[in-house]
Amino acid sequence: MTLSLRSCLLATACVASMLALPGFTRADDLNVVLSAPLRSLDATTSTARITRTHGFMVYDTLLGLDGDMKVQPEMASYAVSDDNLVYTFTLRDGLTFHDGTPVTAADCIASLKRWADHDGAGGKMMGFVKSMDASSDKEFTITLSAPFGQLPDLLAKPSPIPAFILPKRLAETPKGEQITDMTGSGPFMFVADEFQPGVRAVYEKFDGYVPRDEPASGNAGGKVVHFDRVIWEVMPDIQTAINALRAGDVDYLESLPTDLVPLVEMSDTIDYGVIKPVGSQVTGQFNHLLPPFDDVDVRRAAMYALDQEQILMTAIGNPKYFTLCASIYGCSVPLASEAGSEYLNGSADERMAKAKEILAASDYDGTPVLMLQPTDIAVLQAPPIVAAERLREAGFNVEVASMDWATLSSRRTSMEPVADGGWNMFFTFWGVEGIWNPLSSVLIDGTGDPSAWSGWRKSDEVEALRAAYVAAPTFEEQKAAATQIQQLVYDQAFYFNGGEFMSLSAWSADLDGIVPGMVNQFWGIHR
Amino acid sequence: MKAALTPALSVRNLHVATTGTNPTEILKGISFDVNPGEIVCLVGESGSGKSVTSLVAMDLLPKQEIRPTGGAVLLNGEDILTATPARTKALRGAEMAMVFQEPMTALNPVLRIGLQMEEVFLAHRKMTGPDRRQAVFEAFEAVQLPNPPRIYDSFPHQLSGGQRQRVMIAMALALKPRLLIADEPTTALDVTTQKQILTLIRQLQEENGTAVLFITHDMGVVVDIADRVCVMRNGEVMETGPVHELLAAPKTDYTRSLLAAIPSLTPPEPAGEERGDIVLEVSALSKEFRLGNPLARLIGKPDHVVKAVDEVSFCLRRGRTLGIVGESGSGKSTVARCVMRLEDPSSGAILLDGHDISTVQGGALMRARKRLQMVFQDPNRSLNPRIPILESLSEGPMNYGEDRTSIHARAAEVMEIVGLDPTGLLRYPHQFSGGQRQRIAIARALLMEPEIIVADEAVSALDVSVQAQVLDLLDQIRRERNLSMLFITHDLRVAAQICDEVMVMRNGRVVEMGPASEVLANPKHPYTAALIDAAPGRSWDFVAGQPVGIPVPS
Amino acid sequence: MIHYFVKRLLMAIPVMFFVAVFVFLLLRLTPGDPAIIIAGDQATQAQLETIRENLGLDEPLLGQFVTWMGNLMRGDFGVSLISQKPVLTLIGQRIGPTLSLALAAMSLTLFFALPLGVMAAWRHGKLLDRAVMIFSVLGFSVPVFVTGYVLISVFAVNLQLLPVQGYRPLSEGLVPFLQRIFLPALALASIYIALVSRMTRASMLEILQEDYVRTARAKGLNESVVLFRHALRNAAIPILTIVGTGFAMLISGVVVTESVFNIPGLGRLVVDAVLARDYPLIQAIILLTAGIYVLINLLIDLSYALTDPRVRYQ
Amino acid sequence: MTDMISVRAARARRLLALPRPGWLTVAAIVVLALIVLAGAFAPLLAPFEPTELNSMMRLKPADATHWMGTDSYGRDLFSRVLYGARISMIVGFSTALGSLAIGLPLGLIAGWFPLADGVLMRIMDGLMAIPGILLAIAVVALTKAGLVTVIIAIMLPEIPQVVRLVRARVISVRNEAYVEAARLLGTSSTRIIWRHLLPATFGPMIVQGTYIYAAAILTEAALSFLGVGIGTETPTWGNIMAEGRLYFALTPSLVFWPAVVLSFCILSINILGDALRDSLDPKMKARG
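If you're matching them up, the sequences are chains A, B, C and D in order. Those letters in the first sequence? Residues 163 to 689, per this note's numbering, in order. Those letters in the second sequence? Residues 1128 to 1681, per this note's numbering, in order. Those letters in the third sequence? Residues 38 to 351, per this note's numbering, in order. Those letters in the fourth sequence? Residues -6 to 281, per this note's numbering, in order.
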């Protein structure tokens, strides 16, 4: 063992010292600092935002959402039969994969199957799908057993797992197994040799990509690439990243903490702004299985105690970049409504009084609330602390357990009692694009199913309304269902809606043409 | 008077004190001269200030701790105390040179002998490389080192102690300095080597007319080498004079007591032939050591087996003292340690009253140990410095179940027996002098009421006057309590004084054994004879105060 | 020599085995789930189950351990759970920057620490000694990341003398390499200088009491010859030892320094791997660093022979 | 035998002159005492609760109310630094005490019983071969971030050092004549260990303890920096700096103040450790 260890050591040392990474910054390279390290590449299984961003580089989708959140044709255009049961997709010309093979209808069907295996909403959609058939290389149909109006939206949606199209041979990878071959038909090719997980990913412009003629908008439209290479880097220290941006080492910073805006405001060579049109919702999740939050009154008391403004003010700092609203679907989406806002209105003190009152009237017996706090996600450090302070004031007994995000993510899946590794409450945030309708939002899953997202809410009423939403043929009916759901979510205190904040990006002032989108997109952008 | 002659070294009313807020005087105004062509011995016991004197002369004092406060040290008329550091540096090695006590540590272990030797020339002479090399070879030849080129390429550890001291002397005399200071140059050597080195120094000094300041504690060495003697005590010069005058007619009581304390080489007449029972019988005792340290294995060397003790047999009778004498490496201490079971013998038997204890363990060993006690060489290390001596003394009896009050009473008693005040029992070892500590160690052994005391170089670390007292104490206790004693020593004079029988060892084997009076007076074995011959100061009879051979006037 | 070397390597086997068992148990007996990292935090239980099964994480512990050890024996360190790349490839990508940083820091350290330590010992108790010691303890007392920030803001941001971050391999030219490695190496060396100069001073103080130093002075040699030729070589062994045992400290410094200066090295890899519960990767890195540690200590033991002839010939 | 002894004794006397420790040592003791007192009496001294949030008072510069300004949660930095002293002292002290308490018996066993030595030291070698920070990161990240976990995580890699130290000391004392004398007096192994070996290890252990103390505080800070330290609700110097580093370019005081206090603290501990070592060094001790 020792010998092999030693030889490996020597070998790797030699390789490392000889390995000449072509790392020089060239004028036609775009150097980007991302906020999270890219480690897992399989965008068809991972819900991680960074992996999704990677997915939009190498893959394309059948349909896209434009800047106004309207479904637009991207790889394909579609037509619906009059009975709303048959969708026919026609692939546009010139689509090829990075390996040179043309994109066919068979590839699309295989890809949709894999997508539906892994995406929650996709799985739901499959419940309505009777069959998917290729009628030619360029055309395929999806036949439904019942009308399912959300279908185009789902195929266009950018979250949590977009319906990326990949070659059939890869799409047929067994469920759960990760894909490592990054062949797609997107505007960028992944340079596997230069990939250093967690550090660096390199993309080359895919010369075989034929952009649409329309201007780029959202993740739809013509994806015209102006750089030969896009290089992603991760800098563990944001200070270092800003220094690097100021020094011209990098061109684009995916995420700029609002507190540090003054640093880039001073500089003429740096611009910054909001790229993602919708923000992210801070959510405080109750564990409905364990006391004290198995009692709806206690949950409600907690909701009154918590304060959107305090949480966002501490976590974000600048009111310019956050919005307080009751909508559980995001503050600026079509389904947004004021239902349940009575739980949030009024001054913090008034609500605190209310919280104390409800708590006193409830059966709360002083059971400690175990609040999980992540130490390595900047935005999520503050909310649990602020929340714990408020809950204590209201009369709760709160313990904050700090841990890294990985531990928290693992622990939040535990349904055990606190003593056996369970939990009572934690905070996270959700990109609005992932929760903007009752179908895709797992936060309002009321099945109580152990496989549901953490919290295990149980409400048959909500589930019935969600089904009604899916079946609703018109937007008005959909919105009515969504609004009712929202009221119920508040009444039952599913979770605490902490308000919405916007993400800032910063970039070198000589860049132009940045396309706003749900993820950072590197087409359109040019010097 | 030789008034015209400038002394090579002239120390005038020299005062030296420690630095710091509370300075103590180490030298209290000493004066003496060393003339060219003369060997002056500076004699004194520890703490007399003799080494400090030599360091002052060489300007090598650690000045942060000790510095001269008055007087003058003139080297050929030039005052060393006021000279610049650069000047004294130029003088060192060229005009005045020094040989130190420990040849083992005085040479740099990581540099080749040749380089260390050449440095003398590099520092003081402009010479080409080959010339230097030649000069080194010549210097080696002058001190009678065999095969100079080989020595040149050697590292210090590859030479014997005697060879190393020769290298040191060659180094010191390479530039023919006017003054050579030799600080106990032979103390660390075996007697036979010591004799050779003394002869060499005398010879070279005569050839070059060098002035030599020779520092020693050993009156025997003084007899062998000095022209004049300078006796020091507590930072003062007690008296100075030509060697024979001073030895024959010491002017001060101190010198007289010093001389009186030197044991005679001639054993006293045997005190009767009372043959007691055999209490300890050792037969065919052997001890092998496997020298296999990791560093030796580094070069792939197999374990080296050393026979430290090879088939040694002897008997010890009740009330008698058996001396084991020999040079370093003779195995004498190993015999003692095997008898004490501090080492496990490789083979052979150790019969204590007829019971073999060479392999016993546990309770049997514990019972045996009570009857055998040991006094170690270094009294500084044989007492735990962290506990009061009462604790050290009572440790043994407590182990054998005696209660505290009885132990305390006996401890006080024993303290008086060894000549110490029982009130000192609560003090710590460092509050006692070396001699007192050795008495405490003896007291500790006595408290166990042993039948046999093993004394391993028990007086070697002590000054000569203290040594005499401790020897007397041991002898007295042996007689009063009818104890048997195994006395290990390298010093024939000590052996002659205390032992009834003597066993001479060499390379792990017994070369000669017999009554002390016979072995030391009429050695049968040539090695014994050589040992006796090499004993320093043989030519002087300290008891009679005159050279040996002149009949005692009646 | 060869014999000793082989023997020491054999002795390292139980040590490394202990490390392997320890790390394996530590990882498996503590909470955390790599499947979550792969699936992303919006994944549901059902999605996680699928991935867990696929990774073999539902097998019994002993089975997992035996498989892992078996693969190790064949030199197969496994594949990263998260990125699906061979672990050795990942380490290979990262070890270059870390080794460069460590070596640069070590060079800076020796360049500063040895003279400082020697001078301090030479002027023992004097102002220079105190100054050197306070300076070095100060280096030890300031956290590396603070030193790093200060260095960046002074030399890179304000004076604009050096790049603010990043790493360029030596193969892209000496100048860019040195420009980027200098500040992190200095930040890292600041702790190490303290350590080595203190050890040098202590060791020199002891050696300066030795008789052969007095002999050298008695020969009328220059003080510099006495200090550097006679004393320093003899003082080398404790200094070498501290260099070896300090390796662990170097690694801990590397982890933080790499974050501050954005150097894509092993330190960050291991932090990322731990946070992502990438078991094979953590195991491989810890085994590897432990192996390097054992190896460095072996080399240092061997180097004793070069500084001390007694070791060579005895 | 030679009167070099008197030279050495003089040196020893000088260095042992404990009643007059250098001004540096005095300064170190004063600084440490201040920090310990600040930590101990933090609840009395701190003008604010260390966890008292105020989202309207974020990142404010120092003024008459907030002597060091406020952090990104609007908490009072001065109060947090005071409370931080408390945690740092607890971490340092517990780590030092814990690693000594565990390392000491193991070291005694390894040093005295050759049979146990082999196995024990291989394990210690293994533990030592794992870089401490990696071990600490793994332990903290993999279990649960909290004071006890962090202390254990920092302690673990220190143990082998203590074991080695104690073992080396035991081995050197084991062959001292006074230990051999004790064996000859029929003293049992356990009693020899208890009476003669154990006290001999105290000096070096106290010194080592101070270094562990300092190292623990630094490691805690590094762990917090890497995001795997004690939970952020607890004010520790490491946490304060780790939270403040984001704002280093804008509000450097968030890193500056804890760093200054921390550095002074470590500096003082090290100076004190050095002073202790010098006065306890057996080589410096009078033998004659």
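A virtual CB, placed ideally from N, CA and C, is assigned to each residue, including glycine. These numbers come from a predicted model, not from an experiment.
Three-way DSSP call (helix, strand, coil) for residue i in this model
{"i": "P530 (chain A)", "result": "coil"}
{"i": "T278 (chain C)", "result": "helix"}
{"i": "P1674 (chain B)", "result": "strand"}
{"i": "P184 (chain A)", "result": "With a pLDDT of only 37 at P184 (chain A), under 50, the local geometry of the prediction cannot be trusted, and no value is derived from it."}
{"i": "L336 (chain C)", "result": "helix"}
{"i": "T1133 (chain B)", "result": "coil"}
Opposing strand residues paired with residue i [DSSP bridges]
{"i": "C1168 (chain B)", "result": "B:F1341, B:V1356"}
{"i": "C493 (chain A)", "result": "C493 (chain A) is not bridged to any residue."}
{"i": "Q443 (chain A)", "result": "A:W592, A:E662"}
{"i": "S239 (chain A)", "result": "A:T252"}
{"i": "A1536 (chain B)", "result": "Answer by DSSP bridge pairing: none, since A1536 (chain B) is not bridged."}
{"i": "D433 (chain A)", "result": "A:W669"}
Pair within 8 Å by beta-carbon distance, residue i and residue j
{"i": "V248 (chain D)", "j": "R238 (chain D)", "result": "yes"}
{"i": "V124 (chain C)", "j": "L287 (chain C)", "result": "no"}
{"i": "S670 (chain A)", "j": "N682 (chain A)", "result": "no"}
{"i": "T402 (chain A)", "j": "V179 (chain C)", "result": "no"}
{"i": "A1623 (chain B)", "j": "S1391 (chain B)", "result": "yes"}
{"i": "V1247 (chain B)", "j": "A1301 (chain B)", "result": "yes"}
{"i": "A272 (chain C)", "j": "T237 (chain C)", "result": "yes"}
{"i": "F177 (chain C)", "j": "L242 (chain C)", "result": "no"}
{"i": "A296 (chain A)", "j": "A278 (chain A)", "result": "no"}
Proximity test, Cβ basis, 8 Å: residue i and chain D
{"i": "M1612 (chain B)", "result": "no"}
{"i": "V233 (chain C)", "result": "no"}
{"i": "F298 (chain C)", "result": "no"}
{"i": "R1291 (chain B)", "result": "no"}
{"i": "F1159 (chain B)", "result": "no"}
Proximity test, Cβ basis, 8 Å: residue i and chain E
{"i": "R1496 (chain B)", "result": "Although the question refers to chain E, the structure presented lacks it and instead comprises the protein chains A, B, C and D."}
Straight-line Cα distance separating residue j from residue i
{"i": "I1544 (chain B)", "j": "E1529 (chain B)", "result": "20 Å"}
{"i": "M1365 (chain B)", "j": "I228 (chain C)", "result": "57 Å"}
{"i": "T476 (chain A)", "j": "V495 (chain A)", "result": "25 Å"}
{"i": "P71 (chain C)", "j": "L140 (chain C)", "result": "33 Å"}
Short CB-CB distance (under 8 Å) between residue i and chain B
{"i": "T135 (chain C)", "result": "no"}
C-beta neighbour in chain A for residue i, strict 8 Å
{"i": "G320 (chain C)", "result": "A quick correction: the sequence has Gln, not Gly, at residue 320 (chain C). Answer no: the Cβ-Cβ gap between Q320 (chain C) and chain A never drops below 8 Å."}
{"i": "G224 (chain D)", "result": "yes"}
{"i": "A221 (chain D)", "result": "Residue 221 (chain D) is actually Val in this sequence, not Ala. Closer than 8 Å: yes."}
{"i": "R65 (chain C)", "result": "no"}
{"i": "R347 (chain C)", "result": "no"}
Any C-beta of chain C under 8 Å from that of residue i
{"i": "H1284 (chain B)", "result": "yes"}
{"i": "P398 (chain A)", "result": "yes"}
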